[in-house]
Amino acid sequence: MWLRDHGYPDRVFAIRKGGPADIRAAYAWLARELSLDAIVLVDGGTDLLMTGDEAGLGTPVEDVTSLLAAHTLDLPVKLAVCVGFGVDTYHGVCHAHFLENVAALSKSGAYHGVFALLPGIAATDAWLDAVDWVQRRTPGRESIVCASITDAARGEYGDHHSLTRTRAKGAELFINPLMSMVWGFDLDAVADRVLYRHDIAHATTPFEVAAAIEAFRDHIPLRPRRTIPA
85 MWLRDHGYPD
95 RVFAIRKGGP
105 ADIRAAYAWL
115 ARELSLDAIV
125 LVDGGTDLLM
135 TGDEAGLGTP
145 VEDVTSLLAA
155 HTLDLPVKLA
165 VCVGFGVDTY
175 HGVCHAHFLE
185 NVAALSKSGA
195 YHGVFALLPG
205 IAATDAWLDA
215 VDWVQRRTPG
225 RESIVCASIT
235 DAARGEYGDH
245 HSLTRTRAKG
255 AELFINPLMS
265 MVWGFDLDAV
275 ADRVLYRHDI
285 AHATTPFEVA
295 AAIEAFRDHI
305 PLRPRRTIPA
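Under my numbering, residues 85 to 314 are what the sequence shown spells out, in order.
What follows is the structure in structure tokens.
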């Protein structure tokens, strides 16, 4: 594995998809097994910050179950991170609403700022190499999100396709420097803003989580979609 070959610990855990209770139990086990003193939840995209009343939520099921599971952990440091501004456009996320949510978190002191993934920094170069390693070993199943972020970090712009699978789809991409920016937040504050967290509490499968989210949205006013002024 890339991690072992580069001298990093290579113990990796995968969590089976499930309902909120299953994911909570998995996170609690990890916290005990690894004696965690911190957790950083990283979302490839920006839909982790969606509260429930936005014009579009992207693909929230795995994000929100992980977020709420991490929220229950009693740890001194809990951070939520978003990287890949713009990649969720194709899943319906309104990025004006993402920025509105960032502003609300900033007002409450829960926004920790942003930094860029810049080539030439050792950690960034290692990450770029690791992503390339994985992408080469998953032909036809490469991560479009990771490709967008790495392309942006390398200075690509506009309708740039480094993957055959996006080129074959004929979709127009908008690779840009904002995609390689890393946004940091207080995890508990992000979790507390999820409007439907109680509605999904007793769901037992990802399908039930998705259905509960849709049922919640059917009965509330949604924010009108808006564009970011050019």
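Glycine residues also receive a C-beta, built at the ideal position from the N, C-alpha and C atoms.
Residue i burial status per 10 Å Cβ neighbour count (16 or more: buried)
i: residue 312; result: exposed
i: residue 111; result: buried
i: residue 282; result: exposed
i: residue 100; result: exposed
i: residue 264; result: buried
i: residue 150; result: buried
i: residue 85; result: exposed
i: residue 171; result: buried
i: residue 104; result: buried
i: residue 182; result: buried
i: residue 205; result: exposed
i: residue 40; result: The first residue shown for the chain is 85 and the last is 314, placing residue 40 beyond what the model contains.
i: residue 303; result: exposed
i: residue 202; result: exposed
i: residue 113; result: exposed
Run of the beta strand (DSSP E) containing residue i, from where it starts to where it stops
i: residue 127; result: 122-128
i: residue 161; result: 161-167
Nearest candidate by alpha-carbon position, reference residue i, set the options
i: residue 174; options: 258, 298 and 269; result: 258
i: residue 154; options: 121, 204, 134 and 186; result: 121
i: residue 132; options: 164, 124 and 210; result: 164
i: residue 269; options: 91, 105 and 162; result: 162
i: residue 152; options: 187, 295 and 277; result: 277
i: residue 89; options: 244, 210 and 284; result: 210
i: residue 137; options: 184, 232, 94 and 159; result: 184
i: residue 145; options: 304, 289 and 303; result: 289
i: residue 297; options: 193, 244 and 147; result: 147
i: residue 261; options: 240, 159, 213 and 229; result: 240
i: residue 117; options: 212, 200, 273 and 96; result: 96
i: residue 91; options: 256, 214, 98 and 314; result: 214
i: residue 195; options: 187, 119 and 135; result: 187
i: residue 225; options: 247, 235, 200 and 275; result: 247
i: residue 159; options: 142, 124, 176 and 190; result: 124
i: residue 280; options: 301, 107 and 274; result: 301
i: residue 235; options: 143, 216, 142 and 222; result: 216
i: residue 223; options: 242, 212, 102 and 249; result: 249
i: residue 193; options: 243, 176, 93 and 271; result: 271
CB-CB length for residue i against residue j, believed under 8 Å
i: residue 293; j: residue 287; result: 4 Å
i: residue 306; j: residue 180; result: In fact, because the Cβ distance is near 13 Å, the residues do not count as touching under 8 Å.
i: residue 168; j: residue 128; result: 5 Å
i: residue 157; j: residue 109; result: 12 Å between Cβ atoms; not a contact.
i: residue 237; j: residue 208; result: 7 Å
i: residue 166; j: residue 310; result: The Cβ separation is near 19 Å, so there is no contact.
i: residue 219; j: residue 227; result: 7 Å
i: residue 273; j: residue 189; result: 6 Å
Residue i - containing alpha helix (DSSP H), residue span
i: residue 191; result: 179-191
i: residue 149; result: 144-155
i: residue 137; result: Residue 137 -> no alpha helix (DSSP H), and no H or E assigned at all.
i: residue 107; result: 104-117
i: residue 87; result: 86-89
beta-carbon residue i near the ligand HEM non-hydrogen atom, thresh 7 Å
i: residue 194; result: Of the ligands one can find in the structure shown there are none, so the ligand HEM has no counterpart to examine.
Worksheet entry | beta strand (DSSP E) segments (min. 3 residues) lying fully within the region 252-304 | Residue ranges of uninterrupted beta strand (DSSP E) with 3 or more members, entirely inside the region 252-304 and ordered along the chain, are 265-270.
Worksheet item: At what residue ranges does the region 198-235 contain a whole run of the alpha helix (DSSP H), taking only runs of 4 or more?
Response: Counting only unbroken stretches of 4 or more residues, the alpha helix (DSSP H) elements lying wholly within the region 198-235 are 206-220, in sequence order.
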